[in-house]
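For the sequence shown, numbering that gives the first Met the number 0 begins at 0 and goes up steadily by one.
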Amino acid sequence: MPWQFQGTGQAVGALMAGANLISALVLSPTDNRMTYWRLNSSEGVIALNQIGGTLATQQVILLDEVASLNYDRHLAWLPDGSGLVISVNEEIFDYIIATSQVRQLTSFNGSAQVDRVTVSPDGNTIAFSFSPNGSPNVSDIWLLNRQTFQITALTTDGRSTFPSWSRVDPPSILSVFLPMVIR
């Protein structure tokens, strides 16, 4: 059973009664909500809840019919807190809270392991680890545009995983000024 958290992320020690197993818990970047994967008898669910909420207050977003601990499930909030990006059962989905709309963004159809989703600071691009099935020791970082669904391989070395984004712009190109030499 999971520990509940305060908005600061500090454990307060109360248990969420009746929860079998919770994993992939992620706190909202903007308020006191959390999202998580929870085992629900023979299937799993991706759920949204208030910090300190109960099973009765959770909102089920997506059913995970595989419900196996052999699959990675990764959740990431959109930076403005308006929705989530979910990798479950080798596909990527997004969920918009205001409309309760779930969209499947990829169609790998079991041909790859997809995990460790992370969202760009502007919310438009998802970076994720991609491993072709049958190649367990090969992983690259791919990018997915949330509007166009275009997928691009960022790395091709077969050894890249755990993508992350910087919250600040990179430094501008430094200019070197050389003095003019007068002849």
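Ideal Cβ placement from N, Cα and C applies to all residues, glycine included.
In the displayed model, L77 falls within coil according to three-state DSSP, outside both helix and strand. If one requires a minimum length of 4 residues, no alpha helix (DSSP H) run lies completely within the stretch 98-163.
Shown here, T34 sits in a strand according to DSSP, grouped into three states. Rounded to whole angstroms, the separation of the alpha carbons of W164 and P28 is 15 Å. A buried status is given to L77, since no fewer than 16 other beta-carbon atoms sit within 10 Å of its beta-carbon. Here R102 is exposed, its C-beta having fewer than 16 other C-beta atoms within 10 Å. With a cutoff of 9 Å on beta-carbon distance, D30 and G80 are scored as near each other. Q149 and F161 have their C-alpha atoms spaced approximately 20 Å apart. For A46, the enclosing beta strand (DSSP E) has its first and last residue at 42-49. Taking 8 Å as the upper bound for CB-CB distance, N123 and R145 are in contact here, some 6 Å apart. Distance check between A55 and each of L47, T147, L142 places L47 closest, using alpha-carbon atoms only. A straight-line Cα-Cα distance of about 18 Å links P135 and S86. In the DSSP annotation of this structure, the continuous segment of the beta strand (DSSP E) that includes G82 starts and ends at 82-87.
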